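Novice:
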Amino acid sequence: MIAVSRLGRIPGLIILVPLLAGAVLSAACDRHALGPITSALTQAATPCIAVLLIAVGAQISVRELAGLTGRSALVLAGTTILPAAMILAYGWTFGDSGIAGVPLLTLLAVGLSNSYAMWAAIARKYGGPDDVAAGCLAAALSSGPLIPLLVIAAWRGSAGAVSWRLLLDSVLPLLVGLVAGNVAPAIRAPLRGLLAPLLPVLSFGLGWSIPLSALVRQAPAGIVLAVAFGAISGGIVALSWGKLLHRPSAIGWAAGACAANSGALPQLVASADPRWAALVPVAAAQASVAVLASSVFATIAATLAARRRHIPAPDSPAALDVGADRRVGVR
Numbered sequence: 358m359i360a361v362s363r364l365g366r367i368p369g370l371i372i373l374v375p376l377l378a379g380a381v382l383s384a385a386c387d388r389h390a391l392g393p394i395t396s397a398l399t400q401a402a403t404p405c406i407a408v409l410l411i412a413v414g415a416q417i418s419v420r421e422l423a424g425l426t427g428r429s430a431l432v433l434a435g436t437t438i439l440p441a442a443m444i445l446a447y448g449w450t451f452g453d454s455g456i457a458g459v460p461l462l463t464l465l466a467v468g469l470s471n472s473y474a475m476w477a478a479i480a481r482k483y484g485g486p487d488d489v490a491a492g493c494l495a496a497a498l499s500s501g502p503l504i505p506l507l508v509i510a511a512w513r514g515s516a517g518a519v520s521w522r523l524l525l526d527s528v529l530p531l532l533v534g535l536v537a538g539n540v541a542p543a544i545r546a547p548l549r550g551l552l553a554p555l556l557p558v559l560s561f562g563l564g565w566s567i568p569l570s571a572l573v574r575q576a577p578a579g580i581v582l583a584v585a586f587g588a589i590s591g592g593i594v595a596l597s598w599g600k601l602l603h604r605p606s607a608i609g610w611a612a613g614a615c616a617a618n619s620g621a622l623p624q625l626v627a628s629a630d631p632r633w634a635a636l637v638p639v640a641a642a643q644a645s646v647a648v649l650a651s652s653v654f655a656t657i658a659a660t661l662a663a664r665r666r667h668i669p670a671p672d673s674p675a676a677l678d679v680g681a682d683r684r685v686g687v688r
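Printed below as a string of structure tokens:
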């Protein structure tokens, strides 16, 4: 029971488990023999995507933007700017199909986001409220398909390569959520509560469209990408957190975990630009494996960084002693 409880804390499982369930059920059943309720569940990806983006947008507070801009910018720089440059170079060199069975769409899904849940967990353990809020704000801004679509536009060499109507369509639900959350802050809590149930429903639908053999086949690629982007993004943000902000570098390693909805991002991109549809099954399988692998990588990296700096856990006797010293003015 303890092991199961600990496994439940890994954010990638919320994507991977239902995705596997969908793939297994798809392999075991006749797709056309299902009833209307289960069939609707397998076709729920697009509505879930729209609701998911509204819920994410509602969590962004305009009031907090000014105070958190610097820290959030560091996270966004580490998780988008350098990875985007690497992804563009990959696309220009190998095309949209990529090399060694790794399409450009996979890199767009894995390399351009960071996990809400992992950042919140690590920042709460080793940092303070501002650390938590800054990373979560950056995660909210990079959770949708907007940044990948902008990278695609740059890769194709012209803004016209991606329909701006579709680009607006991909970000409009996020903007609707942002406005609603700031006009009526009371809706944030219930919309935040939708994130957990929406992700597995969305993942089940994606799993239904991905052959089970594809998940097994794509596992090595997903793991390699998770470690590579985790080391790059997490390392940059950890260095920035330690050297520029003089905060525990362990916090920055949380940026090495890609967002839990990265497994759904290939479908998000294909919804906005149908030319990617043929690559969705492979990219979704690789990205889904990367979600879990990057969560494990970020956890290990943050723990090792904290041990190297001798950062105590918040509820340990050492942490309590440090807090008492600060309260009485000890430096």
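For the sequence shown, our numbering begins at 358 and goes up steadily by one.
Even for Gly, the Cβ is constructed at its ideal location relative to N, Cα and C.
For clarity, every value in this text was computed on a predicted model and none was experimentally measured.
#1: Between which residues of its own chain and residue 532 is the CB-CB distance below 8 Å, once the five residues before and five after are set aside?
#2: Tell me, which residues are paired with residue 456 by DSSP?
#3: Could you tell me whether the Cβ atoms of residue 606 and residue 614 are closer together than 8 Å?
#4: Could you check what DSSP says for residue 386 in three-state terms: helix, strand or coil?
#5: Answer yes or no: do residue 436 and residue 612 have a C-beta to C-beta separation smaller than 8 Å?
#6: Would you kindly work out how many angstroms separate the C-alpha atoms of residue 633 and residue 603, rounded to a whole number?
#7: For a test of the three-state rule: what should DSSP assign to residue 375, helix, strand or coil?
#8: Our contact map puts residue 491 next to residue 429 with C-beta atoms below 8 Å; I'd like the distance itself, whole angstroms only.
#9: Tell me whether residue 643 sits in a helix, a strand or coil according to DSSP, three-state version.
#10: So what does DSSP say about residue 597, is it helix, strand or coil?
#11: Are the beta-carbon atoms belonging to residue 499 and residue 471 less than 8 Å from one another?
#12: Closest to residue 649 by C-alpha separation, out of 583, 439 and 416, would be which residue?
#13: Can you give me the C-alpha to C-alpha distance between residue 457 and residue 579, rounded to a whole angstrom?
#14: Return the residue from the list 659, 617, 625 and 651 that minimises the CA-CA distance to residue 375.
#15: Which word fits residue 680, buried or exposed, when buried means at least 16 other C-beta atoms lie within 10 angstroms of its C-beta?
Specialist: By the coordinates alone:
#1: 414, listed in sequence order.
#2: For residue 456, the pairing in a beta bridge is given by DSSP as 459.
#3: Cβ distance not < 8 Å, so residue 606 and residue 614 don't count as in contact.
#4: In the structure shown, residue 386 sits in coil (DSSP, three-state: anything other than H, G, I, E or B).
#5: Yes.
#6: Computed Cα separation, rounded: 42 Å.
#7: Per DSSP, reduced to three states, the secondary structure at residue 375 is helical.
#8: Contact flag correct, Cβ pair sits at about 5 Å.
#9: In this structure, DSSP gives residue 643 a helical state, which the three-state scheme calls helix.
#10: Under the three-state reduction of DSSP output, residue 597 falls in the helix class.
#11: Contact annotation: residue 499 and residue 471 have beta-carbon atoms nearer than 8 Å.
#12: Scanning 583, 439 and 416 for the CA closest to the CA of residue 649 turns up 583.
#13: Going by the C-alpha atoms only, they are around 12 Å apart.
#14: Nearest of 659, 617, 625 and 651 to residue 375, Cα basis: 617.
#15: Residue confidence for residue 680 is low, a pLDDT of 40 falling below 50, so the modelled location carries little weight; the figure read from the coordinates is stated next. Exposed is the label assigned to residue 680, since fewer than 16 other Cβ atoms lie within 10 Å of its Cβ.
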